[in-house]
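Protein chains in written order, with this note's numbering: chain A, 1 to 89; chain B, 90 to 370. Reviewing the structure listed below.
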């Protein structure tokens, strides 16, 4: 499993739990807001994501992302390049 | 310092890749970090993302300032002041949303009531004015950030750039105050002047354009609280909040407040936040 796939699997499972829907119904190209979630949900998820993957996430960037794909690809690229504990800003 | 407005400034200045930071001085960051290392029983912040980010961004800003100084690069700083009571309401709702409290109803996981938030914020202000540091992390960080209006210009901005920004004159009609400091140029503004209806608005736009050397015709309307689910709650807290006269007198007598606001303006602030029966909305 690639880093991007692991991240997306985590995000999708997390969101499915929060929304009470099947993971398969969460689309990679859609944004958090399209599921009725706001910046508070984004920051809550980013906090758990940081701890799960040992990475550093800039909350503003996470909130402003256009889609899950956008943020997952960026995080994955940085993890693969520098390993965990890199700043993304 | 000015949470809501700073996103607008960030957007206005984004071609210069600004750093949006709060606490930069190593001793202040160490103090915050020490609190986050308190025993688990004192840890009341549910989501540590924002606190961790506060420290990371501060450390990054400090490294950038040191690097710029070594390389003789230009440093420009934009910093603002806002009515401390209005700011504290934004702050507690922001912290309840994004930090969350592990046991009190100050968390996005529970229904928050305006009455409870009003009481919690009154309790916080009492601790701030009595300089009585709370022992638990959520309460301590709220206390520390609220207290920022009193010390930020001296213990952060002044300490980093070796300048007493409260020494010069702040001409509200001019829209902003320019200060030259050790290797840096500083623009000081009042958040209230960012509203198009404010008397200082045109002056502030002119000062911003001059300072950033790029036309600033409006401040981007970036207010993340407007799209949050807590918006109505925040407005209700703002409507209900009040403080006793002695506490308002103490807040608005602080040197930093008196530097930025005229006597008439502080009187108006006090009228707004006094006990509800006779207050001016």
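Note that CB positions come from ideal geometry on N, CA and C, so glycine has one too.
Close Cβ partners of residue 253 of chain B (< 7 Å) along its chain, the five nearest in sequence each way excluded: Taking the first residue of the second chain as position 1, residue 253 of chain B is located at position 164. If we look at residue 253 of chain B and ignore the five residues flanking it on each side, its Cβ neighbours are 247.
Proximity of residue 147 of chain B and residue 188 of chain B at Cβ, strictly below 8 Å: Numbered from 1 along the second chain, position 58 holds the residue referred to as residue 147 of chain B. Numbered from 1 along the second chain, position 99 holds the residue referred to as residue 188 of chain B. No, Cβ-Cβ distance for residue 147 of chain B and residue 188 of chain B is not below 8 Å.
Residues sharing a beta bridge with residue 190 of chain B, DSSP: Within the second chain, the letter at position 101 stands for residue 190 of chain B. Bridge partners of residue 190 of chain B: B/134.
Contact with chain A by residue 118 of chain B, beta-carbon distance below 8 Å: As a first step, residue 118 of chain B is located in the second chain; it is residue number 29 there, counting from the start. It does not: the Cβ of residue 118 of chain B has no partner Cβ on chain A nearer than 8 Å.
Enclosing beta strand (DSSP E) for residue 274 of chain B [first to last residue]: Numbered from 1 along the second chain, position 185 holds the residue referred to as residue 274 of chain B. Counting along the chain, the beta strand (DSSP E) containing residue 274 of chain B begins and ends at 273-279.
Short CB-CB distance (under 8 Å) between residue 47 of chain A and chain B: Position 47 of the first chain, counted from the first residue, corresponds to residue 47 of chain A. Residue 47 of chain A counts as touching chain B.
For residue 268 of chain B, the nearest candidate out of B/114, B/242, B/224 and B/282 (CA to CA): Looking up residue 268 of chain B in the second chain gives position 179. Considering only alpha carbons, the answer is B/242.
Chain B contacts from the region 52-72 of chain A (Cβ-Cβ distance under 8 Å): 56, 57, 58, 59, 60 and 63
Residue 182 of chain B beta carbon less than 8 Å from that of residue 154 of chain B: Against the second chain, residue 154 of chain B aligns to sequence position 65. Against the second chain, residue 182 of chain B aligns to sequence position 93. No, the pair does not count as a contact, with Cβ atoms beyond the cut-off.
Integer Cβ distance of residue 92 of chain A from residue 63 of chain A, believed to fall under 8 Å: Not covered by the structure: residue 92 of chain A. The range shown for chain A is 1 to 89.
Run of the alpha helix (DSSP H) containing residue 263 of chain B, from where it starts to where it stops: For this step, residue 263 of chain B is matched to residue 174 along the second chain. Segment: none, residue 263 of chain B is in no alpha helix (DSSP H) and carries neither H nor E.
Separation of residue 278 of chain B from residue 99 of chain B, as counted between CA atoms: Along the second chain, read from residue 1 onward, the residue named residue 99 of chain B stands at position 10. Along the second chain, read from residue 1 onward, the residue named residue 278 of chain B stands at position 189. The alpha-carbon atoms of residue 99 of chain B and residue 278 of chain B are separated by roughly 14 Å.
8 Å Cβ cutoff met for residue 44 of chain A and residue 197 of chain B: Within the first chain, the letter at position 44 stands for residue 44 of chain A. Within the second chain, the letter at position 108 stands for residue 197 of chain B. A contact, by the Cβ cut-off of 8 Å.
Where residue 336 of chain B sits in the DSSP three-state scheme: As a working mapping, residue 336 of chain B is identified with position 247 in the second chain. Helix, per DSSP.
Member of B/210, B/101 and B/255 whose CA lies at the smallest distance from the CA of residue 177 of chain B: Here residue 177 of chain B corresponds to residue number 88 of the second chain, with the count starting at 1. It is B/210.
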